[in-house]
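Engineer:
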Amino acid sequence: MELELLEPTPPNHPAVESSNGASNSPSSSVEKPAGSGPKSVTYENTPPLYESFVGLEHRDLRRDDFWAEIPAYADVGAGEFHTHTFQAQHSVTNVRQLRDTLGNLVPESFYADVVEGIKRAPMALRISPYLLSLIDWTEPYEDPIRTQFMPVASRQAPDHPELHLDSLHEQQDSPTPGITHRYPDKALFLPIDSCPVYCRFCTRSYAIGGDTEMVEKLKLSGRAQRWEDAFTYLASRPGLEDVVISGGDTYNLKAEHLEMIGARLLRMSNIRRIRYATKGLAVLPQKILTDHAWLDALTRVVELGRRLHKDVVVHTHFNHPNELTGVTQDAMDRMTERAITVRCQTVLQNGVNDTPEIMQLLVRRLSYINIHPYYVYFHDLVPGVEDLRTSLHAGLNIEKHVRGHTAGFNTPSFVVDTMGGGGKRDAHSFEHYNRETGIAVFTSPSVKPGAFFLYFDPLRTLEEAQQRRWQVAGESRRMIDEALEAAKATVALSAEANNQFHPGAAQPW
Ligand code: SF4
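Residue numbers (our numbering): 32 to 540.
1) Can you give me the C-alpha to C-alpha distance between residue 286 and residue 223, rounded to a whole angstrom?
2) Tell me the residue span of the alpha helix (DSSP H) that contains residue 254.
3) Return the bridge partner residues of residue 487 from the DSSP annotation.
4) Please go through the stretch 356 to 399 and give each complete alpha helix (DSSP H) segment of 4 or more residues, from N-terminal end onward.
5) Along the chain, where does the beta strand (DSSP E) that runs through residue 500 open and close?
6) Please classify residue 256: is it buried, with 16 or more other beta-carbons within 10 angstroms of its beta-carbon, or exposed?
7) If residue 156 sits next to residue 176, beta carbons under 8 angstroms apart, how far is it from one beta carbon to the other, in whole angstroms?
8) Within 10 angstroms of its Cβ, does residue 347 collect 16 or more other Cβ (buried), or is it exposed?
9) Smallest Cα separation from residue 183: which of 126, 289, 511, 310?
10) Exposed or buried, residue 489, counting other C-beta atoms within 10 Å across all chains shown (16 or more means buried)?
11) Please tell me whether residue 239 and residue 274 are closer than 8 angstroms, where the distance is taken between their beta carbons.
12) With residue 409 as the anchor, note down where its alpha helix (DSSP H) starts and where it stops.
13) Let's test the definition: count the other Cβ atoms within 10 Å of the Cβ of residue 267 and tell me whether it reaches 16, buried, or not, exposed.
14) For the stretch 510 to 528 and the stretch 457 to 464, state whether three or more C-beta atom pairs, one from each stretch, are separated by less than 8 angstroms.
15) Tell me, please, which residues DSSP counts as bridged to residue 212.
16) Rounding to the nearest angstrom, what Cα-Cα distance links residue 426 and residue 281 in this structure?
17) Within 7 angstroms: the Cβ of residue 291 and any heavy atom of the ligand SF4?
18) With distances taken Cα to Cα, identify the nearest neighbour of residue 382 among 101, 98, 173.
19) Three-state secondary structure (DSSP) at residue 416?
20) Using the C-alpha atoms, what's the distance from residue 168 back to residue 60?
21) Please return the same chain residues whose Cβ sits closer than 7 angstroms to the Cβ of residue 395, not counting the five positions on each side in sequence.
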């Protein structure tokens with residue numbers, strides 16, 4: 032087979048200034064090896080050309096003036112639109128602003144649908160002009176970005192009968208306000224309770240953003256003292272090595288706070304690894320390009336970590352390939368130049384990314400711009416967003432198609448963050464899963480030995496007869512008890528087998 036080897040084409044980047052004032056195009060600052068022109072090479076036994084069966088669509092990152100389609104932004108130039116200040120100042124937080132921004136792009140019935148949707152939503156509305164402009168307003172009901180950020184009553188579904196607010200029990204595992212300590216060597220630190228946008232499906236809807244008609248939020252107030260209490264706790268646990276700094280979103284921390292928190296943690300002798308969690312790259316990548324103080328502060332923490340031989344990374348959150356554009360690539364180029372590692376945690380969502388093709392494209396596109404796909408979470412049970420959940424069975428099928436599609440280090444693990452505080456479990460590791468009732472049972476021997484944790488498929492994915500069973504008084508308890516008994520029997524069997532082959536070995540219970 033004859034292959035043509037061509038010099039890579041330098042990416043075409045728009046003119047947004049980087050923090051040192053230089054053009055952001057890597058071609059301006061990175062020396063490319065001298066080209067020697069196309070060569071023809073003949074190989075024996077080559078596999079089929081990769082691009083001939085998966086395509087190269089993942090490299091198609093939008094660089095058009097997509098925001099000009101939105102009436103309110105039609106006269107806004109790229110230089111102004113692609114600043115974090117414009118994005119923050121023009122974020123849409125209510126239906127009046129939405130109407131002022133979109134005008135006649137959608138019919139009045141759509142606005143009425145959003146008004147009703149917000150009444151039943153656990154999260155307040157907040158969406159950046161960037162995200163708003165990436166929505167296909169000719170098909171708003173089908174658009175994956177609209178689906179995630181803007182509730183519409185006509186698509187909402189009743190909550191699962193077993194749903195409870197804070198289903199992950201973060202508050203029960205909280206030794207001091209703003210700290211969740213569940214895993215032996217890792218803790219979650221929530222220094223802030225706001226975000227640049229609000230996702231409909233936020234697991235921390237019990238605390239994040241403003242109150243809604245449905246949820247009065249837990250207030251993480253008294254910041255200075257609360258942070259000091261958190262530092263005291265984190266330093267007091269010798270076995271604690273890993274801290275996730277989340278929120279809210281660390282994008283909303285001031286540069287000096289971002290740096291202070293990172294430096295305080297890195298200087299604790301027990302802490303070896305810290306992670307900043309931010310959805311910012313997905314919803315407002317302009318901040319990386321124009322908020323120089325913030326990126327410089329992050330860079331200094333990464334450099335401090337390197338000097339102390341400790342690990343500092345960023346965890347971000349993309350759910351659909353449409354969320355990645357040329358601006359995201361530019362932002363990631365800045366991060367790569369500063370040797371900042373970025374990993375992605377995705378949430379599997381009905382109507383957003385619940386097909387093998389979309390998930391494969393997302394994984395390839397993330398990998399292409401140096402974001403490592405790390406986790407795909409099955410959707411937590413969160414009030415008001417049952418329409419977004421998928422079944423365990425559907426997710427496992429998608430995982431099968433994603434694995435093997437690219438390098439292992441760029442292949443995300445599909446995990447269930449179990450209800451009741453069992454932590455993240457590999458989605459395949461259930462002890463029992465009844466596809467008819469939609470009940471899965473997991474164990475978590477290293478987190479809560481001896482305990483069983485449940486996950487429930489959405490009722491709409493079950494046969495109608497099974498859906499009706501969930502409505503009969505007492506029947507749900509019976510189904511859950513049966514599932515728990517089956518899981519216990521499986522665990523007992525494997526303990527017996529373990530004992531047979533390793534007599535005297537400690538059991539996981
Ligand atoms: S950015 Fe994260 S913390 Fe904020 S609303 Fe979205 S999911 Fe929740």
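Note that CB positions come from ideal geometry on N, CA and C, so glycine has one too.
Structural biologist: Result, derived from the coordinates:
1) Straight through space, the alpha carbons of residue 223 and residue 286 are spaced by roughly 13 angstroms.
2) Looking at the DSSP string, the run of the alpha helix (DSSP H) that includes residue 254 is 254 to 266.
3) The partner list for residue 487 (beta bridge, DSSP) reads 470.
4) Runs found: 357 to 368, 387 to 399.
5) Looking at the DSSP string, residue 500 is not in any beta strand (DSSP E); the run it does join, the alpha helix (DSSP H), is 495 to 502.
6) Label assigned to residue 256: exposed.
7) With a Cβ gap of about 14 angstroms, residue 156 and residue 176 do not count as contacting.
8) It counts as buried.
9) Of 126, 289, 511, 310, the residue nearest in Cα terms is 126.
10) In summary, residue 489 is buried, with 16 or more beta-carbon neighbours lying within 10 Å of its beta-carbon over all protein chains present.
11) Taking C-beta atoms as the reference points, residue 239 and residue 274 fail to come closer than 8 angstroms.
12) That residue, residue 409, is in no alpha helix (DSSP H); it is neither H nor E in DSSP.
13) Per the 10 Å Cβ criterion, exposed.
14) Between the stretch 510 to 528 and the stretch 457 to 464, the count of C-beta pairs closer than 8 angstroms reaches three or more; the two stretches touch.
15) Looking at the DSSP assignment, residue 212 forms a beta bridge with 218.
16) Pairing residue 426 with residue 281, the inter-Cα distance amounts to about 29 angstroms.
17) Flag unset: Cβ of residue 291 not near the ligand SF4.
18) Residue 382 has its Cα closest to that of 173, out of 101, 98, 173.
19) In this structure, DSSP gives residue 416 a state outside helix and strand, which the three-state scheme calls coil.
20) Residue placement at residue 60 cannot be trusted, given a pLDDT of 43 that sits under 50; the coordinates are not used to answer.
21) Taking C-beta separations shorter than 7 angstroms and ignoring five residues to either side along the sequence, the partners of residue 395 in its chain run 89, 437, following chain order.
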